[in-house]
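Visitor: Protein chains in written order, with my numbering: chain Z, 1 to 510; chain Y, 1001 to 1780. For glycine and all other residues, C-beta sits at the position ideal for the given N, C-alpha and C. In this text the structure is predicted, and so the values were computed from the model without any measurement. One structure, pasted below without further comment.
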Amino acid sequence: MAAEGSVLMEVIRDMGIEVPSMCYLKEVESFTSCMLCVVKDRKSGKILPSCSLEAVEGMDIISMDDEVREARKSALELLLSEHVGDCEAPCQLTCPAHMDIPLMNRLLAEGKFHEALVVVKKDIALPSVLGRICPAPCEGACRRKSIDQAVSICLLKRFAGDHDLEADMSWMPIPASSSGKKVSVIGAGPAGLAAAYQLELMGHHCLVIDRNKIAGGSLRKEVSPEELPPVVLKREIEHIAALGVEFRLGSEVDAKQFLELQKSSDAIVVATGKGESGVGAWGLPMHPKGVEVHGKTYRVGDTAVFVVGSALKPSKLAIRALGQGKEAAFSVDQFLKGQAVTGEPRLFNSRFGKLDRAEYAEYLKESKEGERLEPAQKGEGLTAEQVMEEAARCLHCDCRDLKNCRLRLYSDAYGADQKRFKSEVRQLCTKQVQHKEVIYEPSKCIKCGICVRLTEKYKEDFGFTFIGRGFDVVVGVPFNESTAEGLKKVALEVADACPTGAISRKIESL
Amino acid sequence: MEVEIKDINAIVQELGVAQHAVIPVLQAIQEKYNYLPEEALRRVCEISEITPAQIVGVASFYSQFRFTPAGQHIIKVCVGTACHVKGAGLVYDAMKRELELGEGKDTTASGKYTIEKVNCLGCCTLAPVVQIDHVTYGHVNTSQVAKVLTDFETLKGDSGKKKYRLADGSEVKGEIRIGLGSCCVASGSDEIRDAVKDTIDRKGLNVKLKHVGCVGMCHQVPLVEIVPANGESTLYSKVKAADVDQIVQEHFQPEGFLKRISHKLLNMADTIRDDSRWMGVDRYSLDVREKHVSLFLDKQIPMATEFRGIINPIDVEEYKSRNGFKGLSRVLKEMKPAEVVGEIIDSGIRGRGGGGFPSGIKWKMVARQPGPTKYVICNGDEGDPGAFMDRMLLESYPYRIIEGMVAAGYAIGASEGILYIRAEYPLAVTRVLQALDICREQGYLGKNIMGSGFDFDLSVYQGAGAFVCGEETALMESIEGKRGFPRIRPPYPAVKGLWGAPTLINNTETFAQISYIMKNGASAFNRVGTKLSRGTKVFALAGKVARGGLIEVPMGMTIREVVEEIGGGVANGRKFKAVQIGGPSGGCVPSWKSDTPIDFESLKEVGAMMGSGGLVVLDDTDCMVDIARYFLTFTQNESCGKCSFGRIGTKRMLEILEKLTTGKGTEKDLENLEELAHWTKKGSLCALCGTAPNPILSTLEYFRDEYEAHIRGECPAGKCKHLIKYEITDDCIGCTLCAQDCPVDAIAFKPHEKHEVDNELCIQCDGCRQVCPENAVIVR
């Protein structure tokens, strides 16, 4: 037991038990606001905030049980009900490959074309290809659409890809050191290529088998060469091969060979496309449209076989096939490492839906006015100048604090449901951008008062304060001074201590 | 008014440069400019230790402070519980319409009027009440707001004096009530009524003659109750017609004499005449409750309100002549501090502020702490919108409270104490300050009190308007110049209170009763009441009861006794539905549970709470969902905004209740409401929000069918505006009054024909129903 007088929460944490908290900051007086740190007093059954109680001899505390968990979850859900902001941007959430579109946009806007490509290629193995043929569901979700037109995400991605393809030396990601495992990928369409690309990068050697003599699958067969010049496809596939992926083309796989492959490989990814490949005869469990797999992991039962793309269910959306290939690669990786196969985790995402008209101006503060730019001729790409301009139209819907936001992490850990206590009216978003280094978005604020306490401690001239009371309380700079006036001394400290993305650093670390 | 630097300098110089001076400084600035000009606040920060973050944080926390200039005249529409159930919301809406104030506006374009809702003006028996500057209008209905304004305009030159006026503008000097129960009639009350009428007419008095139903004291009939506007009411029993002239004249005199009398009327507790001059009739009793007559004095036991209506609040000699300061003398001269604590423990008294913590235990805890610095605080931050006993006690018995506090200081070893009184109670503040001065002069405060060698002094701190500051830790934060955010306990104030020192904090009523205990001994107190709840409790009885007012009854009396015997039952022949006890922290006890004794435990058991003592009677026209919504509106406005459960939980519950009262609620909402209530109760940091779900939980328990009806789009009580329709029956005589009154022309003007309400246009202001002389307007 820690010394008398120490904070109960610290004592429990010292015992190795996790206690969630958002409003607690060791260097300032505790404030007891978020109520996430509640524990239960065994005797009275009362729920108590452990951040503000002294640990005293004889205390009998239950640090976790169903009620404590439910209390914490309810507190989170109450906070979420008034937390107006997106974690990941709508475009990224809509993208089947879950690509970090806003980050790509920002890099392109700054002319950092190579850095943008690195971001794209993290999730998308064939950017130049997709940049030509993708129907771009992301653009359908783009917030900018409600103001004028969606950002031209697809063409931006195409530019990132093309810019790299046209460079003297294209960029090659460096795969992880070899795991010694071998994966057979059956099918060289978008799903198979994506799976092989990702697995190779993870250090697992891949053999891609296809009955056609040329790789590409549906990308080659179902898309016109005007739309997708074969040379683009070819070059991007060459990049995949250059990573070390082996191709065995013009080679049919039948039931017998499938069995053999199973013996000779550590895992198999089946990406044979629409039902004409005879997969039905391979002894895999089937449903009317395709192979039956576990929805989240793409795994067939508890075998080493994973199935993706149209072999599961026919789809014309290449990006979906590609996304599945990527996701399956994650499961395969777990499998090969002997971990529980759970599939790629999706963290909790706060979402607030459509922009209100009154919010357009706020979101435009981080963007550029102006209509969507179109290529000079249909089918062409954008020029570098156009790309920088178009990418700058992105509204920065995604949160700056995605990785460290405790509201997100705890909401995820406690399985919080943002809609449980949802209100019919929501607060409007505003963005206070005057400060050079930090940005303040009050609608994301959970009123924990860390900024108020820090600016008081470090004697800012104005600092932050609570204004008003009750539900309507807001945190702001007194006398309506700007955030630039409010934070002259400890802006970055405040941004880093803010438990959500309400006050965050403007410049993101990559 | 221009902000002058020298004025701000002077204010700061007078009140101090320390951070804790911030609230008094803000009050002084607002007093000067009628709002808080930013320039002035910035200046304060330049010349004091007060920071911009502190001054803005504090100023925006307390509802007393304004950031925009107020109009020339302030219209306060009381929305306390009693006024609410009598339609204050509709009056507020009507007043806004009359002043052409749109959504979100509170001040007229001309800057003449500012309208605001206030939580309780403390005259629940006149509900609904509107106050313009210092003129109070009682029984205001929606169709009278224009008249109220006109009346105010015509007497503006004379606005300095506080007056009670009827909504039609006539100054009411009072009311004469004649019992018309069957026993009264049988004993000749009709005859009396005629005699009273005759006298009033002959003398041209503006007195209202009111008939009341059976008052229950059938053995004393006929009864005449005289209720002057500014003074105590008197009950005469066995009155003969021949006595009437004399009785009436005794209370109401024609113009000219009035000035002299009202000059004499220092306060409502003043007596009107003395016994020697009165020979006319058998006087049954001289009542002591505010504006009301007690029928069964023996049902009430005045301890905190001892000698009510008899003593002049500020006359220290009179207080002494009634054994005032005898208790203190005993304490200081004959008892050791520990003995005083022991006596309090023996008395069994529990805190009157609502929680019911045993006071003696608290005193012992503080007494045990090491000194030298300790504080005694009197919590007079009464915030329950249906209670005003603290105000009445502070205004009427300042010495009694001071005496209790000095005794407490002696018992726990403190030399300093603070009376925390709401700034909304200016009379209480003035009286207490006067009383403190007199006590210092006479040696009841200051050095060497009563020659005992004990030093103790008191000061007044004016609360700036925040219900949450009634919570003891928030109250102390506020004295320290901060926002009224409650702190977590432990540490309890007894260990670590004001400025970190051990602090004894008790409610106003508790201190008043401590005086009684000190004077009469523990046994005089603990023989009254029940085993676990000793002594008496003061209640503000209001709502749909025939006679409301302040009462002090022994603990353990049943709700039925209070409502029916003391309150005279439900007014206007309606049906008794429930009693709301304990205000925003309490619950609604249904009529079928009215045999519940009023004590701490029993009330908790039925889902209510003692609270500070608001007791609002509801009848069958009161919608229980609306009552729950009303209290949640209150707690939501008043919640401090600190903890997640309190800040957001109360808001979400209110939203659901609003959905329900507008007919948009669903089964799922009801489920969510219960979950929210559960977690807000369980998880909130302090008792304000921790008890906020009680009005919901108790109405859900006893009146769930009403919630379900609202989901179906029906309001069984006909109260919820969005769920009701107005109709005119065949009783309509075509008098056109309703058409004239309708603010939105939803009733066409058709003389001598049956009128009709166009429900497309109707805004449910209730005006037509109120003006109809034939009761032909009904709610469906």
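Mind the definition here: the segment 1619 to 1626 of chain Y touches the segment 1641 to 1654 of chain Y only if three or more C-beta pairs lie below 8 Å; say whether that holds.
Guide: The segment 1619 to 1626 of chain Y, when compared against the segment 1641 to 1654 of chain Y, does not touch it at the 8 Å Cβ threshold.
Visitor: Report the residues of the segment 455 to 472 of chain Z with a CB closer than 9 Å to any CB of chain Y, ordered along the chain.
Guide: So the close ones are Thr455, Glu456, Lys459, Glu460, Asp461, Phe462, Gly463, Phe464, Thr465, Phe466, Ile467, Gly468, Arg469, Gly470, Phe471 and Asp472.
Visitor: Closer than 9 Å, CB to CB, is Ala1466/Y near chain Z or not?
Guide: Mapped onto the second sequence, residue 1466/Y falls at position 466. Judged by the 9 Å Cβ criterion, Ala1466/Y is in contact with chain Z.
Visitor: Would you tell me roughly how many angstroms separate the C-alpha atoms of Lys46/Z and Val68/Z, rounded to the nearest one?
Guide: Here residue 46/Z refers to the residue found at position 46 of the first sequence. Here residue 68/Z refers to the residue found at position 68 of the first sequence. Approximately 10 Å between the Cα atoms of the pair.
Visitor: Which residues in the same chain have their Cβ closer than 6 Å to the Cβ of Gly343/Z, if we skip the five residues on either side of it in sequence?
Guide: Translated into the one-based positions of the first sequence, residue 343/Z becomes position 343. So the qualifying residues of the chain are Lys296, Thr297 and Ser331.
Visitor: Between which residues of its own chain and Ala1522/Y is the CB-CB distance below 7 Å, once the five residues before and five after are set aside?
Guide: Here the question's residue 1522/Y lines up with position 522 in the second sequence. Around Ala1522/Y: Glu1343, Asp1346 and Ser1347.
Visitor: Assign Pro1486/Y to buried or exposed, taking buried as 16 or more other Cβ atoms, counted over all protein chains shown, within 10 Å of its Cβ.
Guide: Here residue 1486/Y refers to the residue found at position 486 when the second sequence is read from its first residue. Counting Cβ neighbours within 10 Å, Pro1486/Y comes out buried, since at least 16 surround it.
Visitor: Straight-line CA distance for Gly1111/Y to Asp1151/Y?
Guide: Translated into positions along the second sequence, residue 1111/Y becomes position 111. Translated into positions along the second sequence, residue 1151/Y becomes position 151. Taking the straight line from one Cα to the other gives about 19 Å.
Visitor: Does the beta carbon of Glu200/Z fall short of 8 Å from some heavy atom of the ligand HEM?
Guide: Absence of the ligand HEM is noted for the structure shown, with no ligands found whatsoever.
Visitor: How long is the line joining the alpha carbons of Gln92/Z and Lys1006/Y, rounded to whole angstroms?
Guide: As a working mapping, residue 92/Z is identified with position 92 in the first sequence. As a working mapping, residue 1006/Y is identified with position 6 in the second sequence. Roughly 60 Å between the two C-alpha positions.
Visitor: DSSP three-state label for Cys399/Z, please.
Guide: For the purposes of this step, residue 399/Z is identified with residue 399 of the first sequence, where counting begins at 1. Of the three classes helix, strand and coil, the one that applies to Cys399/Z here is coil, per DSSP.
Visitor: Starting from Val1056/Y, find everything on chain Z with Cβ-Cβ shorter than 8 Å and list it in chain order.
Guide: Here the question's residue 1056/Y lines up with position 56 in the second sequence. Those are Thr465, Ile467, Pro478 and Phe479, listed as they occur along chain Z.
Visitor: What's the C-alpha gap between Tyr1444/Y and Glu29/Z?
Guide: Against the second sequence, residue 1444/Y aligns to sequence position 444. Against the first sequence, residue 29/Z aligns to sequence position 29. C-alpha separation (whole angstroms): 41 Å.
Visitor: Below 8 Å, how does it come out for the segment 1530 to 1546 of chain Y and the segment 1605 to 1615 of chain Y: are there three or more Cβ pairs, yes or no?
Guide: Touching, yes, given that three or more Cβ pairs across the two stretches are closer than 8 Å.
Visitor: By the 10 Å Cβ neighbour count, where 16 or more other Cβ atoms means buried, how is His1073/Y classified, buried or exposed?
Guide: The count along the second sequence starts at 1 and reaches residue 1073/Y at position 73. It counts as buried.
Visitor: Check whether the Cβ of Leu1700/Y lies closer than 9 Å to any Cβ atom in chain Z.
Guide: Here the question's residue 1700/Y lines up with position 700 in the second sequence. No, Leu1700/Y lies away from the interface with chain Z (no Cβ there is under 9 Å from its Cβ).
Visitor: Can you list the residues of chain Z that Asn1119/Y reaches, using a CB-CB cut of under 7 Å?
Guide: Position 119 of the second sequence, counted from the first residue, corresponds to residue 1119/Y. In chain order: nothing, as chain Z lies at least about 14 Å away.
Visitor: Rounded to whole angstroms, what's the CA-CA distance from Ala384/Z to Phe159/Z? Just pull it up for me.
Guide: Reading the first sequence from its first residue, position 384 is the one you call residue 384/Z. Reading the first sequence from its first residue, position 159 is the one you call residue 159/Z. Rounded to the nearest angstrom, the two C-alpha atoms are 8 Å apart.
Visitor: Cutting at 6 Å between CB atoms, please list the residues of its own chain near Ala116/Z, excluding the five before and the five after it.
Guide: Here the question's residue 116/Z lines up with position 116 in the first sequence. Result list for Ala116/Z: Met104, Leu107, Leu108 and Ala160, in chain order.
Visitor: Have a look at the DSSP bridge pairing and note the partners of Ala1542/Y.
Guide: The residue labelled residue 1542/Y in the question sits at position 542 within the second sequence. Answer is Val1616/Y, bridged to Ala1542/Y.
Visitor: On the DSSP letters alone, give me the boundaries of the beta strand (DSSP E) that Asp41/Z sits inside.
Guide: Along the first sequence, one-based indexing puts residue 41/Z at 41. Per DSSP, Asp41/Z belongs to the beta strand (DSSP E) from Val38 to Asp41.
Visitor: With a cut-off of 9 Å, does the C-beta of Glu1638/Y fall near any C-beta of chain Z?
Guide: Stepping through the second sequence from its first residue, residue 1638/Y is reached at position 638. Answer yes: the Cβ-Cβ gap between Glu1638/Y and chain Z drops below 9 Å somewhere.
Visitor: Sorted by chain position, which residues of the same chain lie with C-beta nearer than 6 Å to Val1744/Y's C-beta, five sequence neighbours on each side aside?
Guide: What you label residue 1744/Y is simply residue 744 of the second sequence in a count that begins at 1. Once the five neighbours on either side are set aside, the close Cβ partners of Val1744/Y are Leu1761 and Ile1763.
Visitor: Drop a sphere of 10 angstroms on the beta-carbon of Asp162/Z, count the other beta-carbons inside from all chains shown, and report buried for 16 or more, exposed for fewer.
Guide: Taking the first residue of the first sequence as 1, we reach residue 162/Z at position 162. Label assigned to Asp162/Z: buried.
Visitor: Which residues mark the beginning and the end of the beta strand (DSSP E) in which Val1079/Y is found?
Guide: Within the second sequence, the letter at position 79 stands for residue 1079/Y. Careful: Val1079/Y lies outside any beta strand (DSSP E) and carries neither H nor E.
Visitor: Using the DSSP secondary-structure output, state which residues sit across from Ser184/Z in a beta bridge.
Guide: The sequence position of residue 184/Z within the first sequence is 184, counting from 1. The partner list for Ser184/Z (beta bridge, DSSP) reads Leu207/Z and Ile268/Z.
Visitor: 9 Å is my cut-off, CB to CB: does Met35/Z come that close to chain Y?
Guide: To locate residue 35/Z, count along the first sequence from 1; it is residue 35. Taking Cβ atoms only, chain Y reaches closer than 9 Å to Met35/Z, which makes this a yes.
Visitor: Could you check whether the segment 1323 to 1343 of chain Y touches the segment 1447 to 1459 of chain Y, counting it as contact only if at least three pairs of C-beta atoms, one from each stretch, sit closer than 8 Å?
Guide: They touch, by the three-pair rule.
Visitor: Chain Y partners of Pro442/Z, CB-CB under 8 Å?
Guide: Along the first sequence, read from residue 1 onward, the residue named residue 442/Z stands at position 442. What Pro442/Z touches in chain Y: nothing, since even the nearest Cβ is about 14 Å away.
Visitor: Looking only at its chain, what residues have a beta carbon closer than 6 Å to the beta carbon of Thr455/Z, apart from the 5 residues adjacent to it on each side?
Guide: Within the first sequence, numbered from 1, the residue matching residue 455/Z stands at position 455. The answer, listed in chain order, is Gly463 and Phe464.
Visitor: Could you name the residues of chain Y that Glu139/Z contacts, counting a contact when the two beta carbons are closer than 9 Å?
Guide: Counting from 1 along the first sequence, the entry for residue 139/Z is found at position 139. Under the 9 Å cutoff, chain Y gives no residues; its nearest Cβ is about 35 Å from Glu139/Z.
Visitor: Can you tell me where the alpha helix (DSSP H) holding Asn1672/Y begins and where it ends?
Guide: Position 672 of the second sequence, counted from the first residue, corresponds to residue 1672/Y. From DSSP, the alpha helix (DSSP H) with Asn1672/Y extends over Glu1667 to Gly1683.
Visitor: Just the Cα atoms here: how many angstroms apart are Val1563/Y and Phe1456/Y?
Guide: Against the second sequence, residue 1563/Y aligns to sequence position 563. Against the second sequence, residue 1456/Y aligns to sequence position 456. Distance between the alpha carbons of Val1563/Y and Phe1456/Y: 42 Å.
Visitor: Val452/Z versus chain Y: which residues are under 9 Å apart at the beta carbon?
Guide: For this step, residue 452/Z is matched to residue 452 along the first sequence. Result: Ala1053 and Gly1057.
Visitor: Between Asp1731/Y and Asn1775/Y, which are expected to be in contact by the criterion C-beta below 8 Å, what is the C-beta distance as a whole number of angstroms?
Guide: As a first step, residue 1731/Y is located in the second sequence; it is residue number 731 there, counting from the start. As a first step, residue 1775/Y is located in the second sequence; it is residue number 775 there, counting from the start. So it is a contact: roughly 7 Å between Cβ atoms.
Visitor: For Pro1493/Y, tell me which candidate among Met1476/Y, Glu1509/Y and Arg1483/Y has the shortest Cα-Cα distance.
Guide: Position 493 of the second sequence, counted from the start, is the residue given in the question as residue 1493/Y. Of the listed residues, the one whose Cα sits closest to Pro1493/Y is Met1476/Y.
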